[in-house]
Structure formats: structure tokens, C-alpha cells
Amino acid sequence: MKIVVCIKQVPDTTEVRINPETNTLIREGVESIINPFDLYALEEGIRIKEKTNGEVIALTMGPPQAENALRDAIALGCDSGILLTDRSFAGADTWATSYTLSRGIRRIGEVDLIICGKQAIDGDTAQVGPGIAEMLDIPCITYVKKIDEIDGEHIRARRMMEGGHHLIEGSLPALITVVKEINEPRMPSLRGKMRAKKEEIIRYSAADIACEVDRIGQMGSPTVVEKIFAPPARDKGMMIKGEPPAAAAKLVSELKAKGVLL
Amino acid sequence: MSVIIDLDKCSGCGLCAGSCPFEVISIRSREDDSEPHPRFKRYARIEAGCTLCGACIDTCPLKAMRMEKVEKKERVPLKEYKDLWVFAEQKEGEVEEVSYELLGKGRELADKRGCGLAAVLLGHNIASEAEKLIRSGADRVYLIEDPALENFTDEPYTQALSWLIGEEKPEIILMGATTIGRAFASRVAAKIWTGLTADCTELDIDTERGLLLQTRPAFGGNIMATILSEHTRPQMATVRHKVFKPLTADPSRKGEVIEKKYPGKLTSRTKIIEIIKDTTQQVNLSDADIIVSGGRGLGKPENFKLVEELADLLGGAVGASRAAVDAGWIPYAHQVGQTGRTVAPKLYIALGISGAIQHQVGMRSADTIIAVNKDPHAPIFDIANYGIEGDIFEVVPALIKELKK
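Residue numbers (the numbering used here), protein chains in the order written: chain A, 1 to 262; chain B, 1001 to 1405.
This is how it looks when you write it as C-alpha cells:
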């Protein structure tokens, strides 16, 4: 089986803040990492490869520096890494990103299974996985928490839903997105790390993957960020002082006075 | 917008590269490129992955960077697109609460835009739900019934809605940011090449430009972004549960149910073998008026009893921070926050939860927040209406005693 795992290099976010004067992001030495949800996708891809004697390729779109994320993926057990990089990809939203990745996957050719993490921690959209599936015209199962069966033709997987899950069967090729319940990602092996250093990362430009220029980067992106701003602060409340019994009594009387508790 | 670097000014100093949150600015040297730089040996270049956040622009000491509007052309004749649609998500024949919440907001937006509000109902033997949608604000309900639409599967749903969009040309479509909505909206937007914004927490109409202003948190809630889809239609957005409020159903409201038939056969390459309900997941956090949540400060799983006791006493539900769930003290279904549930109860009590931004985004729209924590600097106190600095094992029993009085 030929498996492609789509990964994204993201800022180790949640540390990213906004400069209130200029309304721009402040990076403050935040490191780049593989999107944590993609680690589950990589692990699942590597496990299927090991079981089926297949091949697993890590794929990303990003700047030349994103090569590091691909090397990390190889260290974990991927056979190779492909970087889609081109200045004309800059400014891509989820639509243009889905398109570009789908072109990369077409270039790889004869892929049986594509695995993505359920979403990236910087954007949190969960839109790129299903977007790729539509553009490749293949079935898609999102939020997979377990693969019960997979062979060259079919997949049977459990999709997490609110209040339970669906057991779904589909034909391959297909795309799945995975949640963290699916596995426990491994650490890179020493041998893997050695190989990751030496392995050549394949780079494709927009021309290499035959992109239509008005569908990539900013030109191909239907959405545009109009502005960014710091979230509105909630008014600072009241700190209740005193020994626990007194503080508890004060709190309860406050809540009753405000009608929060009857 | 596009970030433009004026190569006549750029010296390749690298300050912008250091400021880029996404590390997508590379410093090139003349030898790297076939087109050499006119003046300097080094220069900056924006690479794939740029999100146009603009963080680099102010860092440039030579004022060589600027944001420039990129002229895009209309992908479709924008004027032909009218009306606001809400996708009425149904599971086992019943429309989800989030769809009624979207009709509530949709009514307000449609009135501001001066357009109609329609619900789109896809399913099998579900016509009875249409009246409820009208009572909750819809002027019209588009109904497509087909055995292939009984339960959500990605492909037939995408075929049906994409076709209906082509027929009726809505200007805006809102969907719940549920498991179904996120997959479905993404697939439709990909198919028809339109803009989609996930997890909006605020929606408004720019009346001058006639555009939907889609505001959402990014970076785990650290920043907010307002997003537009200017040149494509419909403008699509998903919204989480409990962000907006439904209208009170009005039995006297009249509306039209328009039955549509998909021309052709709806096909799917996936099928649902079984629908499994998981009772441990049926923690009714979303509907609870009062939620008592426990975090790392509880120290061990047994101590969740304290949280449960307080929740029982108040008639509330039990929530948890990610730390408590990751430690295995309580099932994931209880998790509140970015990777768990978003809740908006009347009262939220955070016990031993420091209140990382990821937790805050899941609960900060609660009407009243109470926090008990040992650490006076815990971020939860920044958003709490009432805070008690102290040991939860002393404060909570005292609180229980007081409430029992």
C-alpha cells in the first residue's frame, strides 16, 4: 500500500500573542514543530505500512525551512518526504492549500490512502483534509479513532461523532483524518534519526505539480483576513478574601444577591 | 492582500524573518537565485505558508515591506446570489440544536442584509421537521428527501447541496461546526470553489459592501481574525454549538416548504455499517445551566468526588480541564476547551484549573465564572467574576456546607 501523510509545520502556538498597538502577531522566539495532531497521522501511516509492507510518504506545503518537519517524519519511520514549495503558494487559505496538496498527491500517483491530522493547532479549521478528498474525488472519513480493517481495496474505520461513533466502510483510495484516540505516537529511533539526516527531501514547485496559477497561493484563496485583533478582555471580577468558611459564605451571599443562585 | 518586499530597499538584515510567526521568510543571497538582487548581497523573500498576518511589516527598519491589495476577479456573478441559508443538520430525523441557534442569528443577519432566510433540510422522511424550522425563523425550507440522505455520508450530501446551491444561488450559508458540519462544509466549499471560515464566534454584515464579516479565534484563542470572502459565493461559515441563541419558536410564523428532487442518483463510496452510541460520551455539558469543572489542582482521580458532590448539589454537570483528562482522571467527554466542548452555562465553577487560553476559549462565554485556585496568578482569575485564592480541599467543603444551610 502507498500511503501519504499530510503534515504541517506550525508555530508552537498558543504562545503567539498580539501586539495591541500594531495588531500584529508577536512571535517571541516560538519554535516550529510538527502539528501535534499530525503525529497521530504519521504513527497510523507507519503502522499500516509495517503491517502491509507498504510505503509511507510525508507531504507538506511550506517554506524551504519546512524540510525540518519532513526530516522529523522520516526519523519516525516515513520512507520519504516531499516538500511543495514555491513563492506563489504564499498567502494560501484552506481552499488553495487543499488544491496544492491535491496536486502534489496526483504527482506522487497511485496513492491508496491519505492520512491527515484532524486539524492544525494554529488554524484549527479541520477543512484541508476533506478539501483534498473532494479535489481528488475520493471518499473521506474524518475524525477516525480506530481502523478496524484495511487492505488494498477497502477500509473499515470508526468515526467519532457527538455522543458515539459511526462504523464506516469505504473503498480505497480514500482520505482519513485522525483524532488522538487512535494511537500513541512513537519516538524517533536512533536509526531513523540517522536516516533522516541523509535522506534527500524531494522538492516540487508549482510548475512541477502542474498547478493552475489562479488556484494557488493568494490568487486561489477565496478568503482574505480583513483584520486581526486581541480578544476582548472580560472585566476583572472580585477576589474574595478570608478564611475558607468566611469566603464561602461571602461567595454564596454574592451569588444570591446577583440572582445567580436562588 | 499580499506582502510586498521592495528589493530596492531590502538589505537582507533578517529582522523580518525573525519576527515571522510561521517562519516563512527566508533570507536569500544573490547566489541562490537566477535573478540577482539589484543592490544588496542578501535580501528577504516570502515563501509558501505566508498567512498575511503582517507581523513582519513593522519590523523592517528600511520600510521595505508593505501590504498590498491583490486584485482578484469575481469567480461567479456575485449579484445573482441572494438569501441566507442555514443547513439544518439532522441526526436520526431530529434537527440539531445548533441549527436552531444559527437560524436565530441568521434571522438577524438576513434582516440586516434585507434578504430571505432559508433552512436546508436533507434526509429521508423528515418533512415533519420543516415546520419547526419555520417556527424558529426560516422564511423557507428547502427539503431534499432521498434514502441516500437518511444519515450523513459525505458524498451524497455534498452532491445534493452543491447542486442546490447552483440552482438557487444563496449569498451566505451557515452550518454548525459539528463533526458533520466541518466535513460537509469543507467538501462543498472545495467542490464549488468558495470561501469557508471555521468556528466563527461572531458574524455580522458589512452593509456597505454587502459582505459577511466572519470573526473567529486563531492560535488557540490568542488572537481574533475577521475574515471575508469577497469574490466567491456563497460565503460559507461554520459556528460552534452555543455561540448564538435560538429564537423562541413562534407557532404563528408562516413559511414555505420547497421540495426539491436531485436530478440523478446520489452516490457514495462509503457506507455506515453501524451507528454506535456511547453513553460515556453523553455527558450533557452543552445543555447544562451549571457546570463544575476540575483540573490539575485536584491531584488525583478520587478527588473528582468533590467536584461531583458540588455539581450534584447545584444540579449541574461535571466538566474538566485537559490536564485532568490527559491524566486519565475523567473521560474525554467531560473536557471543556479548545480540544473539548465549548460551553456557555449560566454558572461555571473552575476548581483547581489554572485557566490556560485553550480552556478559556471553551468556557469564557459563561454568564458567571467562579474560580478557586491556590495560585493567585492563575490566568483563570483574569476572567472570573468571583475568585477565591485558596486550597480547593478547604474552600469547596466550606462552600458545600454553606450551600446546604
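Here a beta-carbon is modelled for each residue, glycine too, at the ideal position from N, C-alpha and C. Remember, it's a predicted structure, so these values are computed and weren't measured experimentally.
The way I'd put it, the region 1053-1061 of chain B doesn't touch the region 1080-1094 of chain B; fewer than three beta-carbon pairs between them come closer than 8 Å. Boundaries for arginine 195/A: no beta strand (DSSP E) harbours it, while the alpha helix (DSSP H) harbouring it runs 190-198, taken from the DSSP string.
Taking a C-beta cut-off of 8 Å against chain A, the contacting residues of the region 1347-1373 of chain B are Leu1347, Ala1356, Ile1357, Gln1358, Arg1364, Asp1367, Thr1368, Ile1369 and Ile1370, listed in chain order. Spatial neighbours of isoleucine 168/A in its own chain (CB-CB distance under 8 Å, excluding positions within 5 residues in sequence) are listed in chain order as Ile141, Arg156, Ala157, Arg158 and Arg159. Sixteen is the threshold: when 16 or more other Cβ atoms of the shown chains lie within 10 Å of the Cβ of isoleucine 7/A, as they do, the residue is buried. For the region 132-143 of chain A, the set of residues with a beta-carbon nearer than 9 Å to any beta-carbon of chain B comprises Ile132, Ala133, Glu134, Met135, Ile138, Pro139, Cys140, Ile141, Thr142 and Tyr143, in chain order. A contact between stretches requires three or more CB pairs, one per stretch, nearer than 8 Å, and the region 143-150 of chain A fails this requirement with the region 74-87 of chain A. Contact between the region 1264-1277 of chain B and the region 1194-1209 of chain B is absent, with fewer than three C-beta pairs closer than 8 Å. Arg158, Arg159, Met160, Met161, Glu162, Gly163, Gly164, His165, His166, Leu167, Ile168, Glu169 and Gly170: these are the residues of the region 158-170 of chain A whose beta carbon lies less than 9 Å from some beta carbon of chain B, given in chain order. Under a 10 Å Cβ-count criterion, lysine 1132/B is classified as buried, with 16 or more other Cβ atoms of the shown protein chains found around its own Cβ. For tyrosine 1157/B, the secondary structure class from DSSP, reduced to helix, strand or coil, is helix.
Residue burial is scored here from C-beta neighbours: threonine 1232/B has at least 16 other C-beta atoms within 10 angstroms and is therefore classed as buried.
Uninterrupted beta strand (DSSP E) stretches at least 3 residues long and entirely within the region 1032-1082 of chain B occur at 1042-1046 and 1065-1068, given in chain order. If you draw a 10 Å sphere on the C-beta of threonine 223/A, you find 16 or more other C-beta atoms in it, and that means buried.
For methionine 1001/B, the C-beta contacts it makes with chain A under 7 Å involve Val224, in order along the chain.
Residues of the region 1380-1396 of chain B that bring their beta carbon within less than 8 Å of a beta carbon in chain A comprise Phe1381, Asp1382, Ile1383, Ala1384, Asn1385, Tyr1386, Gly1387, Ile1388, Glu1389, Gly1390, Asp1391, Glu1394 and Val1395, in sequence order. Listed in chain order, the alpha helix (DSSP H) runs fully inside the region 1314-1363 of chain B are 1322-1326 and 1357-1363, counting runs of at least 4 residues. It is roughly 20 Å from the alpha-carbon of alanine 1333/B to the alpha-carbon of valine 1239/B. Interface annotation for the region 1007-1031 of chain B against chain A: Ser1019, Cys1020, Pro1021, Phe1022, Glu1023, Val1024 and Ser1026, criterion Cβ-Cβ distance under 7 Å. The residues Cys6, Leu59, Met61, Leu84, Val128 and Ile132, in chain order, have a CB closer than 8 Å to that of leucine 101/A in the same chain once the five nearest residues on each side in sequence are set aside. Between isoleucine 18/A and chain B, the shortest Cβ-Cβ separation is below 8 Å.
In the assembly as shown, serine 1099/B is a buried residue. Its beta-carbon has 16 or more other beta-carbons within 10 Å. For threonine 1194/B, at least one C-beta of chain A is nearer than 8 Å to its own C-beta. Boundaries of the beta strand (DSSP E) around tyrosine 143/A: 140-150. A Cβ-Cβ separation of about 5 Å places isoleucine 1370/B in contact with isoleucine 1349/B under the 8 Å criterion.
For tyrosine 1386/B, the enclosing beta strand (DSSP E) starts and ends at 1386-1389. About 6 Å separates the beta carbons of leucine 1109/B and leucine 1084/B, which is inside the 8 Å limit, making them a contact pair.
Under the DSSP assignment, glycine 129/A falls in the alpha helix (DSSP H) whose first and last residues are 128-136. Apart from sequence neighbours up to five positions away, the residues of its chain that approach tryptophan 1163/B with a beta-carbon distance below 7 Å are Tyr1262, ordered along the chain.
Proximity of valine 111/A to chain B, defined by a Cβ-Cβ separation below 8 Å, is not satisfied.
Contact note: lysine 145/A does not reach chain B at a C-beta cutoff of 7 Å; the least C-beta distance is about 10 Å. Chain-order list of chain A residues neighbouring glutamate 1230/B: Val224, by C-beta distance under 7 Å. Between aspartate 112/A and lysine 2/A the beta-carbon gap is near 5 Å, inside 8 Å, which marks them as a contact. Close to alanine 1088/B, with beta-carbon spacing below 9 Å, lies no residue of chain A; the smallest spacing is near 16 Å. Counting only runs of at least 4 residues, the region 1112-1196 of chain B fully encloses the following alpha helix (DSSP H) elements, listed from N- to C-terminal order: 1128-1135, 1154-1168 and 1179-1192. Taking the Cα of alanine 1218/B as reference, the smallest distance to any Cα among Tyr1081/B, Thr1051/B and Ala1044/B is reached at Thr1051/B.
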